[in-house]
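Note sheet for the following structure.
Set out below in structure tokens:
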């Protein structure tokens, strides 16, 4: 029973949110109305995964690269080919896949942008011990597709990888991983700047950018949202010598400033756009340090399994998944989300009413103690925006679960690659996701969508929070009719169960365009200049409200 309860609950919750067809809350487009533009280059930079930076040729080659970029010249092909021995430094085009409602169908010209960051331990699969770790992972594709069906423009982006998790000392591993995450932050900021420069092409609103990070991407999304002062790179855990406050593992003269500019090994250049983002979502990552958080930081939502073996739920040390070696202490969602709320950063949605089953589920877990064997975790109170995921304790040799929203093809060549003697990437990943399946993963993404999107809508003012998460009264809904639909000059609303007190009409973006007192069982509504398109008609009763979709020809 413990195994099936979370899935059954999530499925039920997923169905509950379908009562409203408000854009950004629920899906208003079909798969056929979503277009995907793959492999778009958003930047070119030095590839630390394939470069030999110990070569004596590096200074000359870096000078050649910097000169070419500054002058706008083409970078010689040898730098792009990891197999070409004529250069030690290698560069790569970093790419993104863009998901959006077909512009021939969607008339909205300022759509929020979602940037999705994949998982993978900053290494490619299967070197990272997993079949996952690219922008084309099943969960990345699913989330971006669903966001596009809700009316967002979603980008699944690659970021540069590379570090040595097998380095001999914790200090070496820490320095290399911190730099890998720092480079990935530069890539996120470059991607955002590139999309903002093409805002008209992709019809995005550059003032409404959401970053969603999964696993390692969660660490990156949190760091991107909170790392905004150069001094934050010099906290004790970022210093090779904790007693020397002037030296950090991250050398900005080498790898660039917080924007990714002006480093010897940094090729990004300003394009006139900022890299500001406006909402942060964490799927199973952790925050580098709570000292990075401050009042006024962007609102945050976090999904985190309570006994996550890789990213601590409260606080702990990041470990290398393949070896168990320690890397760096971090703070998890159970801790930093409490601070987010203390600072008031989630105040825009902290008072969402408890009539949404996803909200109810999360709030019911606050203040509870969860136990697996000898391990107990208390889920903190005051953590609005945190959705704790409680999963079963699996018998050995399975580990605790990390990412129940993930799945993969067990028969793929990467999944069947051995990552240890006799152990494939598929088998290794099953240890922390024993009942992995596409149905399970999609069910947990139902929960992510149902909890996350109402908070995005409230925080970014994409629609009236009064509609967010509203749970319809089934008895009222059964007797409501809106006809004809589609309508031309007028339409009629009627109710069989209760008197209609008020009628509200919202456009597809959630903007209120008409409000009328009715106080009748039936009413005829004149079009009165409403343009052709999709609308949501909300009928308000003494005991609730019902929303129906209306098409006007």
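Residue numbers (my numbering): 6 to 558.
Glycine included, each C-beta is placed from N, C-alpha and C at the ideal position.
Alpha carbon of residue i to alpha carbon of residue j, nearest angstrom
i: residue 224; j: residue 314; result: 15 Å
i: residue 161; j: residue 384; result: 31 Å
i: residue 429; j: residue 436; result: 11 Å
i: residue 72; j: residue 79; result: 10 Å
i: residue 404; j: residue 111; result: 45 Å
i: residue 434; j: residue 136; result: 8 Å
i: residue 231; j: residue 302; result: 7 Å
i: residue 499; j: residue 457; result: 33 Å
i: residue 255; j: residue 180; result: 7 Å
i: residue 361; j: residue 453; result: 13 Å
i: residue 212; j: residue 234; result: 21 Å
i: residue 191; j: residue 168; result: 16 Å
i: residue 543; j: residue 519; result: 10 Å
i: residue 481; j: residue 551; result: 7 Å
i: residue 194; j: residue 52; result: 17 Å
i: residue 375; j: residue 438; result: 19 Å
i: residue 398; j: residue 409; result: 13 Å
i: residue 502; j: residue 545; result: 12 Å
i: residue 293; j: residue 339; result: 14 Å
i: residue 380; j: residue 373; result: 14 Å
i: residue 146; j: residue 140; result: 8 Å
i: residue 363; j: residue 286; result: 16 Å
i: residue 229; j: residue 263; result: 10 Å
Element boundaries [beta strand (DSSP E), containing residue i]
i: residue 69; result: Here residue 69 belongs to no beta strand (DSSP E); instead the alpha helix (DSSP H) covers 63-76.
i: residue 288; result: 284-288
i: residue 550; result: 549-557
i: residue 219; result: 209-219
DSSP-derived helix/strand/coil call for residue i
i: residue 527; result: strand
i: residue 122; result: strand
i: residue 476; result: Low local confidence applies: a pLDDT of 48 at residue 476 is under 50, so the model's placement there is unreliable, with the coordinate-based value given in what follows. Three-state DSSP puts residue 476 in coil, outside helix and strand.
i: residue 425; result: strand
i: residue 320; result: strand
i: residue 197; result: helix
i: residue 403; result: coil
i: residue 242; result: helix
i: residue 451; result: helix
i: residue 248; result: coil
i: residue 498; result: strand
i: residue 202; result: helix
i: residue 540; result: strand
i: residue 157; result: coil
i: residue 172; result: coil
i: residue 377; result: strand
i: residue 26; result: Caution is warranted here: a pLDDT of 41 is assigned to residue 26, below 50, making its placement in the model unreliable, and no coordinate value can be reported.
i: residue 40; result: strand
i: residue 492; result: strand
Pick from the options that is closest to residue i, judged by C-alpha positions
i: residue 87; options: 182, 69, 111, 58; result: 58
i: residue 407; options: 528, 49, 28, 311; result: 311
i: residue 41; options: 534, 127, 107; result: 107
i: residue 468; options: 211, 368, 354, 492; result: 354
i: residue 155; options: 441, 400, 29; result: 29
i: residue 172; options: 258, 508, 99, 325; result: 325
i: residue 484; options: 504, 205, 493, 492; result: 504
i: residue 448; options: 227, 64, 411; result: 411
i: residue 63; options: 401, 31, 257, 92; result: 92
Min CB distance residue i to chain C below 8 Å
i: residue 100; result: Included in the structure is just one protein chain, with no chain C present.
Close-in-space but distant-in-sequence residues of the same chain around residue i (CB under 7 Å, 5 per side omitted)
i: residue 416; result: none
i: residue 317; result: 291, 335, 337
i: residue 239; result: 250, 253
i: residue 419; result: 130, 131, 136, 430
Extent of the continuous alpha helix (DSSP H) run through residue i
i: residue 362; result: 362-370
i: residue 343; result: 338-347
i: residue 394; result: Not the alpha helix (DSSP H): residue 394 falls in the beta strand (DSSP E), residues 391-394.
i: residue 93; result: Note, residue 93: premise wrong, no alpha helix (DSSP H); not H, not E.
Close beta carbons around residue i, own chain, < 6 Å, minus the five adjacent residues each side
i: residue 125; result: 133, 138, 221
i: residue 188; result: 165
i: residue 56; result: 94, 95
i: residue 152; result: 119, 159
i: residue 522; result: 507
i: residue 460; result: 306, 354
i: residue 298; result: 231, 344
i: residue 553; result: 487, 542
i: residue 528; result: 498
i: residue 547; result: none
Any non-hydrogen atom of the ligand ZN closer than 7 Å to residue i Cβ
i: residue 377; result: As presented, the structure is devoid of all ligands, the ligand ZN included, so that no description of it is given.
Contacting residues, own chain, Cβ-Cβ under 8 Å from residue i (five flanking each side not counted)
i: residue 558; result: 491, 492, 493, 537
i: residue 443; result: 143, 412
i: residue 556; result: 490, 491, 492, 538, 539, 540
i: residue 348; result: 298, 299, 300, 301, 302
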